[in-house]
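These notes are about the structure you will find just below.
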Amino acid sequence: MHRIHYFFDPMCGWCYAASPLLQTLAESAQFDIHYYPGGMIPKRAIDLGFRQHIVQADQHIARMAKVTFGQKYQQRVTSGAEFILDSYLPTQAFWAGQTLGFKAQTMLGHLQHAHYIEGMALHQEDQLQALAQQLGIEESAWQAAMHEVKEHSLKNIQYNQKMMNTWQVSGFPTLFLQNKDQLIRLQHSQYYGQPDAFLEYVTDLLK
């Protein structure tokens, strides 16, 4: 198997756009994806000016990548109510889900669906608990898993941020293909909305 290094953030709209591309790699027996969540947004309220930027970016993403932004999510972004984003708690949930048997890409997909479709406030522990319940996870098991991965999740983000400096990663998503001793930065952006073509592109790099 060939290793894919994936720098991402669960609250990154362009990572949501890239998810169908990652899914097709995850479903291929040729690739082993290593995930590097980068802690893009420490918990904070998003001001109205930046919310407008998010709206415009989401419209662009929807056109390019053929992904959907749900009405509840759009209402959260555009309403006058406080809009808080946090990369750290959803990243902790990303790891917790894996300890409970969910594959990495599957768990990331659940978090992205909860945020971008259902409009769930994933900076709140009770909202993540509700998501876990939807996934059939008992409350005690979820809380134990979240506690188990808490320290690892924070240290992993800190390590990944150092890796980003070393590998000259300036934004999310960024993907590298490791082919023997060669590290190839994948030009994924031209394949948004074309997962089959993206798989063919990556596979051709191995020839």
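Just so we're aligned: the sequence shown equals residues 4 to 210 in the numbering used here.
Ideal placement from N, C-alpha and C gives every residue a C-beta, glycine not left out.
Fair warning: this is a prediction, and the values are worked out from it, not measured in the lab.
- By the criterion of a C-beta distance shorter than 7 Å, L209 is surrounded in its chain by H5, N182, once the five residues flanking it on both sides are discounted.
- Assigned with DSSP and collapsed to three states, L92 falls in helix.
- When C-alpha distances from Q78 are compared across A99, Q55, Q146, A144, the shortest belongs to Q55.
- Residue range 74 to 81 is occupied by the alpha helix (DSSP H) that includes Q77.
- Restricting attention to beta strand (DSSP E) runs no shorter than 3 residues, the region 26 to 78 encloses them at 34 to 40, ordered along the chain.
- Relative to the Cα of I44, the nearest Cα in the group Y19, I64, A21, I87 belongs to I87.
- The three-state secondary structure of Y119, taken from DSSP, is helix.
- Burial of Y119 is indicated by the presence of at least 16 other C-beta atoms within 10 angstroms of its C-beta.
- Residue state for Q197 is assigned as coil, using DSSP reduced to three classes.
- Residue state for Q190 is assigned as coil, using DSSP reduced to three classes.
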